[in-house]
Amino acid sequence: NYLLGVGRADCTGPVAEIPLMGYANPDQVGGGLLTRLYSRAFIVAEVDDSRRVVFVSADIGMVSQRLRLEVLKKLKSKYGELYRQDNVILSGTHTHSGPGGYFQYTLFWFTSKGLIRPSLNAIVNGIVKSIDIAHQNMKRGRLFINRGTVENSQINRSPFSYLENPASERSRYSSNTDKEMVMLKMVDGNGQDLGLISWFAVHPVSMNNTNRLVNSDNMGYASYLFEQEKNKGMLPGEGSFVAAFASSNLGDVSPNTKGPFCVNTGESCNNPQSTCPIGGATMCMAMGPGNDMFDSTRIIGQNIYLKARELYEEASQEVTGPLRSAHQWVNMSDVSVELNATHTVKTCKPALGHSFAAGTIDGVGAFNFTQGSVEGDPFWDEIRDQLLGQPSNETKACHKPKPILFSTGEMTWPHPWHPDIVDVQIAAIGSLAIVAVPGEFTTMSGRRLREAVKREFDYHGTPRMDVVIAGLCNVYTHYITTYEEYQVQRYEAASTIYGPHTLSAYVQLYRGLARAIATNTVQDLPRGPEPPVFNIRNVTLVPPLTADRVPASKTFGDVLQEVRQQYRAREVAEVTFVGANPRNSAENATEHNFLMVERYASTSDSWHAVQNDASWDTRFYWTKGLLGRSNVTIEWHIPHGTEPGVYRIRYFGHYKKKLSNSHAVSIPFEGTSSVFEITAL
């Protein structure tokens, strides 16, 4: 028996003009909204309330160090020593379609145009609010764990790297991805459903790098389906049941199950360099199972949801026992690892290899770099030397065989480009150990880490622990491959920033945490060096908000292109309004809803909301015009089974009006489409 609390809060932030975080493509800038992003918080406390553990999964690319430090600062001012570095885990789902700009390390400024306060604030506030809600709703309850296999939802996107791992190790596994989902079910004292956390390893990149609509990708769609099912009669984002689909060791795992093809010729490019005969690496893209990216997101998300639902209904193994948590900060650029009695190796200052710039088959890079390059390219090296300075001999030697493209650990202007100080953390809820990792472990790296942690618990008298990896926690340090995978330098290896022994260092560190938990000596663990907080106000290339304007004889919210009078299910109702910059709304209210689909009820002569902007069936597009003008187009993809009747679509925005040179205000407005009828098929 525990005290349990669950909470969900919006953390969407600005949906326009902010680069989306994930594909490192500066041209992929937000231009609207497919679904809202949420932070989902789960608090488990011992009944005498002596110890607590908080797990948060947020619909964002990853948790940055800046984000974590700001969240913990707010929690401390609200709750004192209740929620701390050691007992709060913050994990990102790794959607590649959320706003970026919430990082303090310089490297991430390039693709997300700096540190964007409105973006960072929205996520900080959303996470804190979700924890507040969970904190306020604590009640006695029980936890159950279940696990099962998810089929047809992932492929290994670097299979040639995976094959570098020893045959004896590979032969112990039936697949080159982890197909197992682990699920934690939460019910209250009366057996009423509270929520669930599912961990499953797959990249949320069903939406590709041509997408401009903010959304939570396949994992978010699974959450949406589960929450819609349990919160009957509620609009998306409402209701008390909270379903988190959290990331795991997804480093080399893609949801694009058809595999890589040359976009121009249609032939397979499943080769060690992921390159095409015509057009090279930039033409090699993986395809999902659907007709388009929206369809693929739905198919993969639904697969994950259906397995979770089955595991939820059948969960019978109860989780009991004490709560324990351990956390350390570690300087990852300087860890000595004892491989055996005679061999000690070291991690390196952070650096990215040439294949980092190649990207992956889920999202290719810009300049036709190829994966698997163990040689540098004189042309790019020369440009790098001129602009950024060349890597030191020490760093070059440490990272071998990686040819260094950016020696980020030696670049400090205007602030360091990459973190040195990294969080390692484990929280144990009875027999479940959640290993919070600061990045993307590949399939085999994750297996080695889980096994090492489990062995450590076994050895120190805590047998039968369920060990699960929670990905993209606390600080982002890119990828973690095995030593063997590192040797062939595909994208994941080139992005293993602390060098070839990164995994061995983490295994050593997490074993230390597991040992401390198992032997009840957590208080003796050194805290480690505290991470820096750089004094950055707002450094950004995002265009400033200017006054919104309307075409002659029009006003905000006027309809420019009307709906049709009649539709059937599976058709798309579409309306275009005179719009205003959606960033005005995000800065005004975190909970702002841009649209409603309403159905007319003749009995009460009133309109009732049936969809909002968090729905996967609605799409909100913002198109920027000249001189402060803009349009908003709202689409409703009418689902099969929609009740026939009379409907309308409403748009809610804010326009910025200048009162003087120094003072501007945001003024709310709305627009409404004509009514339209949905007829039976």
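Heads up, my numbering is the position in the sequence shown plus 522, with the first residue counted as 1.
No residue lacks a Cβ here, since even glycine has one placed at the ideal position from N, Cα and C.
It should be emphasised that the depicted structure is a prediction, and the values quoted were computed from it without experimental measurement.
- With DSSP run on the structure shown, which of helix, strand or coil describes E1152? The sequence given here places Ser at residue 1152; Glu does not occur at that position. In the three-state DSSP reduction, S1152 falls in the strand class (E or B).
- Item | Enclosing alpha helix (DSSP H) for E702 [first to last residue] | Per DSSP, E702 belongs to no alpha helix (DSSP H); it is in the beta strand (DSSP E), 702-710.
- Measure how close the beta-carbons of G717 and K829 come, nearest whole angstrom, since I'm counting them as under 8 Å. About 17 Å separates the two Cβ atoms, so there is no contact after all.
- Message: Whether or not the region 906-922 and the region 873-884 are in contact is what I'm after, with contact meaning three or more pairs of Cβ atoms, one per stretch, closer than 8 Å; do they touch?
- Response: Three or more beta-carbon pairs separated by less than 8 Å link the region 873-884 to the region 906-922, which places the two stretches in contact.
- Query: Helix or strand or just coil, what does DSSP make of F748?
  - Reply: For F748, the three-state secondary structure derived from DSSP is helix.
- 8 Å Cβ cutoff met for Y1206 and F1198: This structure cannot speak to residue 1206, because the chain is shown only from 523 to 1203.
- Pick from K651, V785, R734, V528: whose alpha carbon is nearest that of G544? If we check each option's Cα against that of G544, R734 comes out closest.
- Is it buried or exposed for S1152, if we count other Cβ within 10 angstroms and need 16 for buried? By the 10 Å Cβ count, S1152 comes out buried.
- Query: If you run the structure through DSSP and keep just helix, strand and coil, what is A1136?
  - Reply: Here DSSP, grouped into helix, strand and coil, assigns A1136 to coil.
- Query: For the alpha helix (DSSP H) that V551 lies in, which residues bound it at each end?
  - Reply: Element bounds for V551: not the alpha helix (DSSP H) but the beta strand (DSSP E), 551-555.
- Message: I need the straight-line Cα distance from I1039 to F979, nearest angstrom please.
- Response: Cα to Cα, I1039 sits roughly 8 Å from F979.
- Task: Measure how close the beta-carbons of A1102 and D1070 come, nearest whole angstrom, since I'm counting them as under 8 Å.
- Result: That pair is a contact at about 4 Å.
- Query: Would DSSP call P640 helix, strand or coil?
  - Reply: DSSP places P640 in helix when its eight states are reduced to three.
- Query: Is the region 531-550 touching the region 644-656, taking contact as three or more C-beta pairs under 8 Å?
  - Reply: Pairwise C-beta distances place the region 531-550 in contact with the region 644-656, as three or more of them are shorter than 8 Å.
- Message: Quick check on the burial criterion: 16 or more other C-beta atoms within 10 angstroms. Buried or exposed for K752?
- Response: Classification for K752: buried.
- Message: I believe I1058 touches L637 by the beta-carbon criterion, under 8 Å. Please report the beta-carbon distance rounded to the nearest angstrom.
- Response: For a cut-off of 8 Å, the C-beta gap from I1058 to L637 is around 5 Å, short enough to register as a contact.
- Run of the beta strand (DSSP E) containing S613, from where it starts to where it stops: Per DSSP, the unbroken beta strand (DSSP E) holding S613 starts and ends at 610-614.
- Indicate whether T819 and N674 have their beta-carbon atoms separated by less than 8 Å. No, Cβ-Cβ distance for T819 and N674 is not below 8 Å.
- Range of the contiguous alpha helix (DSSP H) that encloses E1096: From DSSP, E1096 is part of no alpha helix (DSSP H) but of the beta strand (DSSP E) over 1094-1100.
- Would you be able to state if there are at least three C-beta pairs under 8 Å between the region 568-584 and the region 610-624? Segments in contact, yes.
- Option nearest Y1013 by Cα separation, candidates G602, S858, I822, T882: It is T882 whose Cα lies nearest to the Cα of Y1013.
- Query: Straight-line CA distance for T1024 to G952?
  - Reply: Using only the alpha carbons, I get a separation of about 29 Å.
- Report the partner residues of I1058 according to the DSSP bridge assignment. Under DSSP, I1058 shares a beta bridge with no residue.
- Whole-number beta carbon distance between V1064 and K635, since they are thought to touch under 8 Å: Contact holds; Cβ gap of about 5 Å.
- Task: Measure how close the beta-carbons of G614 and S769 come, nearest whole angstrom, since I'm counting them as under 8 Å.
- Result: Taking a contact as a CB-CB distance under 8 Å, the pair G614 and S769 counts as one, their CB atoms being some 7 Å apart.
- Ignore the nearest five residues each way along the sequence and tell me which others in D1139's own chain have a CB closer than 7 Å to its CB. Result list for D1139: Q1133, W1158, H1159, P1161, in chain order.
- In whole angstroms, what separates the C-alpha of N786 from that of T633? Roughly 27 Å between the two C-alpha positions.
- Minimum C-alpha distance to Q658 - residue among L555, E760, L525, I719: Among L555, E760, L525, I719, the Cα nearest to that of Q658 is on L525.
- Query: Rounded C-beta distance between P758 and Q676? I'm assuming under 8 Å.
  - Reply: Between Q676 and P758 the Cβ distance is about 26 Å, and since that is not below 8 Å, they are no contact.
- Straight-line Cα distance separating G527 from V566: Going by the C-alpha atoms only, they are around 7 Å apart.
- Three-pair Cβ contact test at 8 Å for the region 1114-1123 versus the region 1178-1185: Verdict: no, contact absent.
- Message: Could you check whether the region 940-948 touches the region 850-862, counting it as contact only if at least three pairs of C-beta atoms, one from each stretch, sit closer than 8 Å?
- Response: Flag = yes, the region 940-948 and the region 850-862 touch.
- Item | Assigned secondary structure, A580 (DSSP; H/G/I helix, E/B strand, else coil) | Strand, per DSSP.
- Message: Which residues does DSSP list as the beta-bridge partners of L542?
- Response: Residue pairing by DSSP places L542 opposite P621 in a beta bridge.
- Query: Secondary structure at P939, three-state DSSP: helix, strand or coil?
  - Reply: Correcting the residue identity first, residue 939 is Trp in this sequence and not Pro. The answer is coil: DSSP assigns W939 none of H, G, I, E or B.
- Message: At the level of alpha carbons, what is the spacing between G885 and K868?
- Response: Approximately 32 Å between the Cα atoms of the pair.
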